[in-house]
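Sequential numbering from 4 applies to the sequence shown in the working numbering. In what follows, a structure is listed as structure tokens, so that the remarks can point back to it.
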Amino acid sequence: MKLKKILITLLIMGAFHSSYAENTGKLCFASSGEVDAAIVTRVMKHVEKYAQLATEQKVALDAAADLEALLKEHTKDAHDSVGLIVLAKLSGEDETHSLVSESNKVMVINVGAFAIDDAEKEGRRIERLVMRGLGTFLGMGSCPNPHCALFEYKGLKQLDSMGRNYCPPHMMEGFKALDKAGIKRLKPAPPQPKK
Ligand SMILES: [Zn+2]
Numbered sequence: 004m005k006l007k008k009i010l011i012t013l014l015i016m017g018a019f020h021s022s023y024a025e026n027t028g029k030l031c032f033a034s035s036g037e038v039d040a041a042i043v044t045r046v047m048k049h050v051e052k053y054a055q056l057a058t059e060q061k062v063a064l065d066a067a068a069d070l071e072a073l074l075k076e077h078t079k080d081a082h083d084s085v086g087l088i089v090l091a092k093l094s095g096e097d098e099t100h101s102l103v104s105e106s107n108k109v110m111v112i113n114v115g116a117f118a119i120d121d122a123e124k125e126g127r128r129i130e131r132l133v134m135r136g137l138g139t140f141l142g143m144g145s146c147p148n149p150h151c152a153l154f155e156y157k158g159l160k161q162l163d164s165m166g167r168n169y170c171p172p173h174m175m176e177g178f179k180a181l182d183k184a185g186i187k188r189l190k191p192a193p194p195q196p197k198k
């Protein structure tokens with residue numbers, strides 16, 4: 004009787020394990036329109052370093068007119084990864100910074116809305132947005148700490164003063180979420196950058 008119980012437990016665990024195995028365990032990136040390849044590489048490295056999560060680059064897509072249409076396009080299919088982040092240079096006028104579908108684990112970022120004549124500053128802005136998207140995929144809400152990438156910023160000035168990583172509690176929460184999903188983490192990185 005007892006053995007039967009153990010066997011059933013093992014079977015259930017096995018079922019959970021195989022569903023996790025289907026997850027590629029990576030955060031996917033795609034670009035839409037004329038997005039600088041250096042920006043894509045940069046944010047992928049950032050995620051690998053600070054979120055300890057492997058990334059994968061998907062194909063480059065044609066430019067979309069607006070963010071809403073782009074999100075719609077990408078939420079049609081289910082994803083077998085941690086999530087998909089689409090960096091977009093839109094062909095139309097759209098001031099929206101980003102849109103996210105929590106249930107589909109898709110985020111679209113309007114790279115053009117963060118453009119500034121300072122590549123470093125621009126790159127940092129996108130890094131913060133990407134970390135926000137990943138946070139959402141991992142089930143983390145917003146954070147009251149202005150040094151956390153999950154802080155609800157209002158405007159670019161606030162965004163520029165935010166951290167590019169999570170606050171320590173959110174960092175731990177993120178790692179735990181990855182561990183719980185059976186996703187192998189990359190090597191730990193040094194402490195978070197100041198800005
Ligand atoms: Zn936080």
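Just so you know, even glycine gets a beta-carbon here, dropped at the ideal spot from N, CA and C.
Residue from the options whose Cα sits closest to the Cα of residue i
i	options	result
S34	S106, G158 and V133	V133
V111	H100, D121, I119 and F117	H100
R188	V38, E51, I88 and R45	E51
E176	A41, Q55, M47 and K48	Q55
Y169	I186, Q161, P149 and A184	P149
A57	F32, E123 and H173	F32
M165	E59, N107, R131 and A184	R131
S106	D121, K124 and L74	L74
V46	A67, Y156, V85 and G126	G126
A67	L159, E76 and K61	E76
E59	Y53, T44 and E71	T44
M174	E155, C146 and L162	C146
Residue environment, residue i, which counts as buried when at least 16 other CB atoms sit within 10 Å
i	result
E25	Legend: pLDDT at E25 = 47, less than 50; position of this residue unreliable, value from coordinates given subsequently. The residue is exposed, with fewer than 16 neighbouring Cβ atoms inside 10 Å.
A152	buried
A29	The amino acid occupying residue 29 in the given sequence is Lys; Ala does not appear at that position. Buried, by the Cβ-count rule.
L102	buried
I119	exposed
A122	exposed
G138	buried
G36	buried
Rounded Cβ spacing between residue i and residue j (contact assumed at less than 8 Å)
i	j	result
R128	F140	So it is not a contact: roughly 19 Å between Cβ atoms.
V114	L87	Not a contact, Cβ separation roughly 15 Å.
D65	D97	At roughly 16 Å, the Cβ-Cβ gap does not stay under 8 Å, so D65 and D97 are not in contact.
H49	R135	About 12 Å separates the two Cβ atoms, so there is no contact after all.
L90	I42	7 Å
D163	K124	7 Å
For residue j and residue i, the rounded distance between their alpha carbons
i	j	result
D83	T27	6 Å
A63	V38	9 Å
G17	A180	At G17, the pLDDT of 41 sits below 50, so the modelled position is not reliable; the number obtained from the coordinates is stated separately. Approximately 19 Å between the Cα atoms of the pair.
S104	K79	11 Å
P172	M143	11 Å
Minimum Cβ-Cβ distance from residue i to chain D less than 7 Å
i	result
L74	Here there is only one protein chain, and chain D is not present.
Inset, instruction - Jot down the residue ranges of each uninterrupted beta strand (DSSP E) in the stretch 104-150, minimum 3 residues, whole runs only, in chain order. - result: 109-113
Inset, instruction - Output the residue ranges of the beta strand (DSSP E) runs that lie fully inside the stretch 28-87 and measure 3 residues or longer, sorted by chain position. - result: 29-35 and 57-64
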